[in-house]
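J.:
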Amino acid sequence: MENLVIIRSISKPPLTIRSKQESLSEFSQKPIKSSISFAKNPLPKFIDSHLDTLCKNGSLNDAVTVLDSIAQQGSKVTPRTYMNLLQSCIDTNSINLGRKFHARISVVQEKSPVIETKLVSMYAKCGYLRDARKVFDEMSERSLFTWSAMIGACCREKRWKEVVELYYMMMKDNVLPDGFLLPKILQAVGNCRDVKTGELLHSFVVRCGMGSSPRVNNSILAVYSKCGKLSLARRFFESMDERDIVAWNAMMSGYCLKGEVEEAHRLFDAMCEEGIEPGLVTWNILIAGYNQKGQCDVAMNLMKKMVSFGVSPDVVAWTAMISGFAQNNRNGQALDLYKEMILAGVEPNGVTITSALSACASLKVLNTGLGIHSLAVKMGFVNDVLVGNSLIDMYSKCGQLGAAQLVFDLMSEKDLYTWNSMIGGYCQAGYCGKAYVLFTKMQKSQVQPNVVTWNTMISGYIQSGDEDQAMDLFHRMEKEGEIKRDNASWNSLIAGFMQIRKKDKALGIFRQMQSFCISPNPVTILSMLPACASLVALKKVKEIHGCVLRRNLVSVLSISNSLIDTYAKSGKIEYSRAIFDRIPSKDFITVNSMITGYVFHGCSDSALGLLDQMRELGLKPNRGTLVNIILAHSLAGMVDEGRQVFSSMTEDFQIIPASEHYAAMVDLYGRSGRLKEAIELIDNMPIKPQSSVWYALLTACRNHGNSDLAIRARESLLDLEPWNSSIHQSILQSYAMHGKYEDAPKVKKLEKRNEVQKPKGQSWIEVNNTVHSFVAGDQSTSYSDLFSWVERISMEAKLHDLHCGCCIEEEEEEEKEEIVGIHSEKLALAFAIIRSPSAPQSIRIVKNLRTCADCHRMAKYISVKHGCEIYLSDSNFFHHFKSGCCSCGDYCGLNIIAFALVAAVLLKVDMIDLAFGHPMKWAEITGNQIDNSRGIYALSYFPNDNHRANLFRFCDFWLGLGYLEFEIVCNAEKELVVTAVSSGQMLPEDLHLNLT
1 MENLVIIRSI SKPPLTIRSK QESLSEFSQK PIKSSISFAK NPLPKFIDSH LDTLCKNGSL
61 NDAVTVLDSI AQQGSKVTPR TYMNLLQSCI DTNSINLGRK FHARISVVQE KSPVIETKLV
121 SMYAKCGYLR DARKVFDEMS ERSLFTWSAM IGACCREKRW KEVVELYYMM MKDNVLPDGF
181 LLPKILQAVG NCRDVKTGEL LHSFVVRCGM GSSPRVNNSI LAVYSKCGKL SLARRFFESM
241 DERDIVAWNA MMSGYCLKGE VEEAHRLFDA MCEEGIEPGL VTWNILIAGY NQKGQCDVAM
301 NLMKKMVSFG VSPDVVAWTA MISGFAQNNR NGQALDLYKE MILAGVEPNG VTITSALSAC
361 ASLKVLNTGL GIHSLAVKMG FVNDVLVGNS LIDMYSKCGQ LGAAQLVFDL MSEKDLYTWN
421 SMIGGYCQAG YCGKAYVLFT KMQKSQVQPN VVTWNTMISG YIQSGDEDQA MDLFHRMEKE
481 GEIKRDNASW NSLIAGFMQI RKKDKALGIF RQMQSFCISP NPVTILSMLP ACASLVALKK
541 VKEIHGCVLR RNLVSVLSIS NSLIDTYAKS GKIEYSRAIF DRIPSKDFIT VNSMITGYVF
601 HGCSDSALGL LDQMRELGLK PNRGTLVNII LAHSLAGMVD EGRQVFSSMT EDFQIIPASE
661 HYAAMVDLYG RSGRLKEAIE LIDNMPIKPQ SSVWYALLTA CRNHGNSDLA IRARESLLDL
721 EPWNSSIHQS ILQSYAMHGK YEDAPKVKKL EKRNEVQKPK GQSWIEVNNT VHSFVAGDQS
781 TSYSDLFSWV ERISMEAKLH DLHCGCCIEE EEEEEKEEIV GIHSEKLALA FAIIRSPSAP
841 QSIRIVKNLR TCADCHRMAK YISVKHGCEI YLSDSNFFHH FKSGCCSCGD YCGLNIIAFA
901 LVAAVLLKVD MIDLAFGHPM KWAEITGNQI DNSRGIYALS YFPNDNHRAN LFRFCDFWLG
961 LGYLEFEIVC NAEKELVVTA VSSGQMLPED LHLNLT
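Each step along the sequence shown adds one to the number in the UniProt record's numbering, with nothing skipped, and position 180 is 180.
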């Protein structure tokens with residue numbers, strides 16, 4: 001059936017009637033030309049009416065066809081009709097049809113700025129701001145409405161800088177903003193923190209007489225608040241004739257952004273007093289402010305209070321709380337609050353999901369993260385870039401790199417953080433090869449690596465031990481990547497070298513960094529200081545301290561705290577105290593560092609004095625503080641006071657005692673000889689005793705001669721540390737001396753299975769700005785002059801016998817000198833005395849093993865003979881020798897081997913005190929008479945285990961017959977002659993031990 005054209009009258013245009021076949025054309029695969037046509041020069045009113053009808057019916061494609069027919073016939077449509085078509089495109093978000101209408105703008109009777117303005121709005125509201133700006137820029141004439149449309153479009157897209165630029169362009173065109181447009185411009189100015197433009201607009205408002213508009217005034221107030229100009233904002237706020245809730249909110253928001261949340265709270269109270277009821281936004285401002293300042297508990301109370309005011313928390317309030325807990329490392333509470341929000345029926349937004357996933361990542365709770373991921377999928381948040389990035393981070397930190405990679409691959413839009421999160425995940429897991437593959441792909445993508453990407457790769461490689469690849473990337477980033485290295489780039493290398501224990505290279509990078517005029521930041525300093533916490537690195541500490549002073553970083557509390565700790569470990573406790581006293585605002589880390597330093601140096605009174613100062617500052621002791629306070633009481637011999645601190649931990653400080661607190665208590669009892677109470681404490685511990693507890697008991701047993709408890713402590717340590725060669729060696733010797741030969745094979749079998757290797761003693765000392773290393777038994781000819789000196793001074797030290805009362809036995813961690821040769825710390829001491837250009841006032845030595853009795857005695861003797869101070873840090877303790885005394889109080893992790901021998905003998909007659917209360921009689925040794933000696937120290941002269949075993953059997957027999965004293969004589973044949981004495985009568989039979 002052909003198309004029929006029916007002419008109803010001359011005044012009406014012809015109407016085309018579709019055939020039945022054509023009525024189905026819209027479902028056809030092939031395009032069919034529209035059957036609508038018009039007679040020549042149809043009347044405009046009919047055309048406009050027909051197009052309006054098509055708009056109302058949503059038949060915009062037909063409208064395009066009508067416009068084409070009109071164009072062919074040379075007819076025109078009115079601007080109003082054309083603008084209605086554009087509005088329909090806006091309403092239906094039909095950008096394609098909008099473009100078609102734009103292409104047919106020639107059919108409009110008159111092209112005017114109003115029509116072009118509508119085109120700008122159409123493109124902008126359909127989400128095509130670039131096209132809107134193109135139309136805007138091509139306009140020859142722009143009205144206030146045109147500028148409003150363009151500025152409004154940029155505001156909707158949050159392109160604040162572009163809004164400010166448009167404002168200045170607008171002023172050049174001599175177009176002034178009105179009361180409707182000004183708040184939008186001011187909003188952009190505030191978000192750009194452009195206070196100068198804000199002041200300019202403020203003056204414009206005053207000159208134009210728009211100061212009576214509450215909306216404009218509130219916008220000006222918001223600018224000053226966002227820019228941090230709170231004095232200007234407050235002055236303007238006080239001068240306002242009318243202050244609505246928006247003005248109060250703007251002022252409170254400004255204080256919260258500045259961190260002055262307490263002042264914002266005072267404004268909140270003042271607002272309530274004026275009868276203005278706080279709204280949801282007001283509550284949210286305060287809740288967010290307290291969370292950002294870390295006062296999450298106050299924020300939580302506010303959220304409960306808002307409910308009592310009849311205001312239900314919305315997703316913004318819940319999200320602020322969840323984010324606050326997560327950012328302040330209270331991730332468990334953040335997830336609890338998230339679950340509570342879901343139960344309350346509040347739907348999370350993308351930021352909520354992101355914050356909750358961040359908490360899951362920190363806690364590594366994969367199951368909870370999976371649940372949140374599932375909810376994100378159901379709510380359509382998976383296409384949100386922030387949510388996707390958080391999922392990658394969560395899966396990576398939970399060790400699910402496959403899942404993280406899957407999320408990464410499925411993301412349609414990837415930003416810089418997406419790539420960096422995935423690369424960082426691989427690097428943290430040690431898969432630097434996979435990270436590098438992804439890094440290479442990133443370089444070929446539209447998102448190019450930034451400095452964070454390069455730093456992540458550098459850090460990943462160096463922490464994996466591949467320093468060559470790390471250095472290669474470090475040098476390539478400026479050449480190939482054209483990325484300038486920042487502080488974090490250098491810090492990555494420094495921290496990496498520190499982690500792989502290459503402190504000298506870390507210090508070299510630190511110096512190189514400064515030579516490149518890169519100023520170290522707090523992270524750099526905090527990475528470097530631990531590398532210098534050693535007696536032989538004091539000059540390096542001073543070097544870094546000088547850098548801190550030059551860079552004005554001394555005001556950074558964390559740096560000052562680290563300096564206190566580092567100087568204390570470097571032997572300069574007085575420097576630590578000087579820094580401590582200069583800190584105006586101390587935190588609990590400051591005081592803890594100082595207390596720890598004093599305990600480290602054996603200064604119990606000073607440590608306890610700081611506890612009182614801590615209370616005056618309103619600081620609450622933490623777990624570490626209480627450990628050090630108990631140890632300080634131990635050093636001072638204040639057993640009851642120390643026990644009181646331990647007993648009140650839970651009630652006074654809400655701290656449940658842990659293994660380190662029990663170890664401190666064992667040390668407290670052990671120093672005072674109350675071993676029975678110490679072992680009772682261990683036996684009644686609610687937790688399994690750790691190594692520190694048994695080491696504390698072992699030290700006490702060494703000092704007080706309880707061999708049975710010492711063996712028990714060693715056996716317990718052997719179970720906890722089967723790899724520890726020191727324990728293997730000492731327990732075998734203890735078994736041998738106490739006749740427990742049946743137990744020795746078990747230890748040897750365990751030693752063989754664990755491939756335990758005996759450590760070799762090594763010491764380091766700095767002389768003339770050079771660190772020298774010495775190894776036990778070093779026979780180097782370059783040290784030949786040291787050997788004779790050590791032999792002579794060792795003998796002098798033994799003869800001088802300063803009654804140290806400590807270090808009775810020599811070897812535990814280290815083999816005896818008869819086997820391995822001269823111990824390394826003796827060689828270091830000799831080197832310091834002989835090779836120094838002048839007599840040293842102080843000597844600083846670091847040793848990898850515990851110092852033995854003979855070396856300890858020799859150091860005390862040298863401090864007297866040469867009038868110098870000796871600082872020796874071994875694996876167990878810090879020793880400061882001065883004028884023949886040691887800071888360890890002669891209670892320094894003693895060996896039980898030979899001590900147990902005498903203790904075992906004395907125990908047979910229940911006279912442990914005999915070892916300390918009854919001096920043995922000494923005869924001449926190498927021509928020198930030693931008076932007032934205590935028999936227990938004699939044992940350090942017995943050269944080998946056979947001699948000691950023979951002595952044990954000899955004394956064991958005669959003690960049973962009542963002989964309680966023994967005389968030891970060195971005869972002309974270089975034999976030690978041991979004679980038992982009873983009631984002043986000498987035993988006719990002697991024990992002869994050949995020293996050669």
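Virtual Cβ for every residue (Gly too), placed ideally from N, Cα, C.
1) Could you check the C-alpha separation between A149 and V164 for me, to the nearest Å?
2) Starting from Q762, trace the alpha helix (DSSP H) in both directions and tell me its first and last residue.
3) Under 8 Å Cβ to Cβ from K484, same chain only, skipping five residues before and after it: list those, please.
4) Let me check one thing: in DSSP terms, what residues is F878 bridge-paired to?
5) When the Cα atoms are used, what is the spatial distance from W248 to G228?
6) In or out: Q21 buried (at least 16 other Cβ within 10 Å) or exposed?
7) Count the CB pairs spanning the stretch 842 to 857 and the stretch 557 to 569 that are closer than 8 Å, and state whether there are at least three.
8) My assumption, with CB atoms under 8 Å, is that L302 sits in contact with I287. Please give the rounded CB distance.
9) Within 10 angstroms of the Cβ of E482, are there 16 or more other Cβ atoms? Answer buried if so, exposed if not.
10) Determine the burial state of N57: buried for a count of at least 16 other Cβ atoms within 10 Å of its Cβ, exposed for fewer.
11) Near I845, what residues of its chain come up, given a Cβ to Cβ distance below 6 Å and the 5 sequence neighbours on each side ignored?
12) Suppose the cutoff is 7 Å on Cβ atoms and the five residues either side in sequence are ignored; what does the same chain contact list for V84 look like?
13) Let me know if D131 comes out buried or exposed under the rule of 16 or more other beta-carbons within 10 Å of its beta-carbon.
14) Could you check how far apart the C-beta atoms of A678 and G670 are, in whole angstroms? I think they sit under 8 Å.
15) Rounded to whole angstroms, what's the CA-CA distance from K760 to S773? Just pull it up for me.
16) Is it buried or exposed, V77, if we count other Cβ atoms within 10 angstroms and call 16 or more buried?
17) In its own chain, which residues sit with a C-beta less than 7 Å from the C-beta of G889, not counting the 5 before and 5 after it?
18) How is K441 classed by DSSP in three states: helix, strand or coil?
19) Are the beta-carbon atoms belonging to R142 and D173 less than 8 Å from one another?
20) How about the stretch 430 to 437 and the stretch 457 to 469: do they share at least three Cβ pairs that are nearer than 8 Å?
21) Closer than 7 Å by C-beta to W283: which residues in its own chain qualify, once you throw out the five before and the five after it? Chain order, please.
22) One question on the structure: do A264 and L221 come within less than 8 Å of each other, judged by their Cβ atoms?
23) Quick one: what's got a C-beta closer than 6 Å to Q841's C-beta in the same chain, skipping five residues either side?
24) In three-state terms, what does DSSP make of H772?
25) Taking only the alpha-carbon atoms, compute the straight-line gap between S140 and S112 and give it to the nearest angstrom.
26) Which residue comes first and which comes last in the alpha helix (DSSP H) that contains I151?
27) In the stretch 193 to 226, which residue ranges form an unbroken alpha helix (DSSP H) of at least 4 residues, counting only runs that do not cross its ends?
28) So does the stretch 678 to 693 actually touch the stretch 707 to 726, counting three or more Cβ pairs closer than 8 Å?
29) So is W160 buried or exposed if we call it buried at 16+ other beta carbons inside 10 Å?
30) What are the partner residues of K847, as DSSP defines its beta bridges?
31) Starting from the N-terminal side, write out each stretch of the alpha helix (DSSP H) that is 4 residues or longer and does not extend beyond the UniProt repeat "PPR" (279 to 313).
32) Could you check the C-alpha separation between D244 and N217 for me, to the nearest Å?
33) Anyone know if the C-beta pair for S421 and I458 falls short of 8 Å?
34) Taking just the CA atoms, how far does V120 sit from L363?
35) Taking DSSP's pairing of strands, which residues face C886 in a bridge?
36) Between V407 and G425, how many whole angstroms is the CB-CB distance? I'm expecting something under 8 Å.
T.: In this structure, then:
1) 14 Å
2) Note, Q762: premise wrong, no alpha helix (DSSP H); beta strand (DSSP E) at 762 to 767.
3) V451, E478
4) S873
5) 16 Å
6) Because Q21 carries a pLDDT of 39, less than 50, the predicted location of this residue cannot be relied on, and the following value inherits that uncertainty. The residue is exposed, with fewer than 16 neighbouring Cβ atoms inside 10 Å.
7) no
8) 5 Å
9) exposed
10) exposed
11) S763, I765, E825, A828, L872
12) For the record, residue 84 in the displayed sequence is Asn; it is not Val. Answer for N84: D52, C55, listed in chain order.
13) buried
14) 5 Å
15) 13 Å
16) buried
17) G602, L635
18) helix
19) yes
20) yes
21) L302, M306, V311, A317
22) no
23) C868
24) strand
25) 10 Å
26) 144 to 156
27) 195 to 207, 214 to 226
28) yes
29) buried
30) S763
31) 280 to 292, 296 to 308
32) 11 Å
33) no
34) 49 Å
35) F881
36) So it is not a contact: roughly 11 Å between Cβ atoms.
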